[in-house]
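Note sheet for the following structure.
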Amino acid sequence: MTNKASMCILFRDEAVEVVFIDRTVLGAQIKFMERLPRDEQVFEAVAALMASVEKTPSRVLLCIPREQAMQRTLRYPAMSLADMASMIQFEATRHVPLPEADRALGWSAAPEPDEKQVVLSLVAAREADVRSLVGRFEEAGVPIDEAVPFSSAVFPILSDKPTLLVVSDVRNVELCLYGNGLLQDSQVMSRSMPGFGPERVVTAARQMAVKHKDWLGMEGVGRVLVAGPEPLDADLGAAFGLNLQPLEVPEAFASVEEPLTDALLADAAELPPELNLIENAGRKVPISKRTILVAALCALLAVELLASLAFKTGAPALQRKQVAEEISKVRRRAAPIQRMKDKNREMRRQLYRLDEICSRHVSGMEIWGALSEALPEDSYLQLAYFKNGGSLHIRGLSKEPDRLPELLLESPQIEEISKSDIGKKEGDYHSFAITVTLRTSDEEADI
């Protein structure tokens with residue numbers, strides 16, 4: 004069901020069953036389920052029940068009394084539903100004994116399994132009777148959207164397989180045969196008719212099955228269901244070799260005690276618009292105060308949540324942006340100062356290194372003097388430079404490079420030879436590269 008709230012009014016021989024179902028996200032809920040006496044006050048009673056719910060149903064289904072309706076099943080060569088709709092009035096004139104000016108028609112159609120024929124289930128009633136009944140409800144304040152007999156209202160649910168439905172009421176017994184997606188046949192038997200009894204009901208059911216043996220096939224009737232307020236004495240189940248079963252309550256209401264199954268089942272059915280005996284005005288359902296209040300609260304909650312989310316996400320982002328802009332401005336203003344700080348820091352680092360060299364190592368003049376004394380006369384110094392960590396690197400030429408490390412170690416300013424390389428010979432001289440570690444001033448004092 005697509006309707007959020009729906010109501011079904013089912014007329015029986017001596018009673019009227021009314022159910023109101025409200026469907027929400029939490030599931031379907033029965034607002035009320037009443038069996039009222041069928042009298043002149045029933046219209047106001049239904050209106051009072053509907054008013055007690057404080058909600059107007061979006062769909063109201065009226066199951067008209069069975070004595071007001073008639074049903075015919077017709078078969079035609081396969082055709083489209085559009086062609087079928089265009090010939091309904093002509094076929095009704097042939098098969099419905101009612102004047103065209105006072106005739107309300109409803110129909111449903113479905114192709115046979117072999118698709119060679121199309122089956123038309125035609126429902127008719129006297130328009131004056133239907134209009135009178137609908138008008139009484141509308142005068143009482145109960146809108147009516149659909150009007151069909153009960154046997155036609157439940158065909159979408161019962162026609163999935165060959166089914167015989169027996170509706171046992173106080174004054175009448177109705178036999179309905181469903182299958183192939185349609186109400187295939189129906190027959191109303193009055194309990195007051197001469198010769199009425201269980202055997203008569205069984206005989207009528209068998210005759211109905213024989214009449215439709217062409218589409219029932221060898222399997223025959225697949226299930227026999229019983230409905231209605233009165234018990235049925237006829238053993239129809241044994242007649243077809245089946246167990247007699249009651250109508251099943253819709254699954255959503257399986258836990259309801261003593262449900263009005265027939266009305267609940269009719270309310271749950273989705274009917275084709277062509278089956279409606281009255282014109283659906285497409286009324287607009289007013290929104291209840293409760294719905295407006297709930298919607299307003301939901302909207303308010305949504306606004307608060309969105310505002311909270313926007314504040315939690317937008318405010319920190321805005322603050323970060325403002326702080327970043329302020330930091331950028333401060334950095335631009337402080338850029339000259341920072342450059343001066345960097346220069347001062349580099350100068351202090353150089354002064355510290357110079358002070359370290361001056362305080363820990365011997366002077367440059369002493370180093371050059373020591374080298375001049377240590378190197379033999381046949382040796383020439385080409386390059387000498389001081390490296391970090393208190394080491395001195397010298398390069399030059401010598402006729403006797405092998406003696407140089409030993410001579411250098413004799414100097415009091417040199418602690419050790421870190422590296423000594425002898426290069427290629429050029430003439431009488433060999434190139435050399437020696438790295439020595441200098442003594443600190445403290446170590447020299449100890450010596």
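Every letter in the sequence shown is one number past the one before it in our numbering, and letter 62, counting from 1, is 65. We treat Cβ as the ideally placed atom computed from N, Cα and C, and that holds for glycine.
Item checked: Residues near A208 by beta carbon distance below 7 Å, same chain, minus five either side -> L167, L178, L239 and A242
Notebook entry, point to check: First and last residue of the beta strand (DSSP E) that includes D188?
Noted result: L185 to S193
Notebook entry, point to check: What are the partner residues of Q32, as DSSP defines its beta bridges?
Noted result: D25
Note to self: According to DSSP, Q120 sits in a beta bridge with which residue or residues?
What the structure shows: P80
Notebook entry, point to check: What residue ranges within the segment 407–443 form continuous beta strand (DSSP E) runs of no fewer than 3 residues, ordered along the chain?
Noted result: 417–429 and 432–441
Item checked: Residue burial classification, V204 (beta-carbon count within 10 angstroms, cutoff 16) -> buried
Check: With a cut-off of 8 Å, do at least 3 Cβ pairs link the segment 117–129 to the segment 77–85?
Finding: yes
Check: Do we get a CB-CB distance below 8 Å when we pair Q322 with the residues of chain C?
Finding: The chain labelled as chain C is not found in the depicted structure, where only one protein chain is given.
Notebook entry, point to check: Just curious, the beta strand (DSSP E) that R106 is in, first and last residue?
Noted result: R106 to P114
Checklist line | Supposed contact pair V21 and M10 - C-beta distance, whole angstroms, cut 8 Å | finding: 7 Å
Checklist line | Neighbour-count burial assignment, F93, 16 or more Cβ in a 10 Å radius | finding: exposed
Notebook entry, point to check: Cα separation between R352 and L308?
Noted result: 58 Å
Notebook entry, point to check: Do you know how far the Cα of G200 is from the Cα of Q190?
Noted result: 15 Å
Next item on the list: Determine the contact status of V259 and I33, defining contact as a CB-CB distance below 8 Å.
Entry: yes
Checklist line | Rounded straight-line distance, which links the Cα of K7 to that of I330 | finding: 59 Å
Item checked: Distance between K346 and Q322 (C-alpha atoms, nearest Å) -> 34 Å
Next item on the list: Look up P40 in the DSSP assignment and give the residues it is bridged to.
Entry: A18
Margin query: Do L410 and A373 count as a contact pair if the criterion is CB distance below 8 Å?
Written below: no
Next item on the list: Measure from the alpha carbon of M36 to the alpha carbon of each residue in G30, D25, I295 and P159, then state which is nearest.
Entry: D25
Checklist line | Status (buried if at least 16 other CB within 10 Å, exposed otherwise) for W110 | finding: buried
Next item on the list: Consult DSSP for A257 and reduce its assignment to one of helix, strand or coil.
Entry: coil
Next item on the list: Could you give the DSSP three-state label for K324: helix, strand or coil?
Entry: helix
Check: Tell me, which residues are paired with Q92 by DSSP?
Finding: According to DSSP, Q92 bridges with nothing at all.
Check: Just the Cα atoms here: how many angstroms apart are R38 and F14?
Finding: 10 Å
Next item on the list: Note the first and the last residue of the continuous alpha helix (DSSP H) segment covering A269.
Entry: T264 to A271
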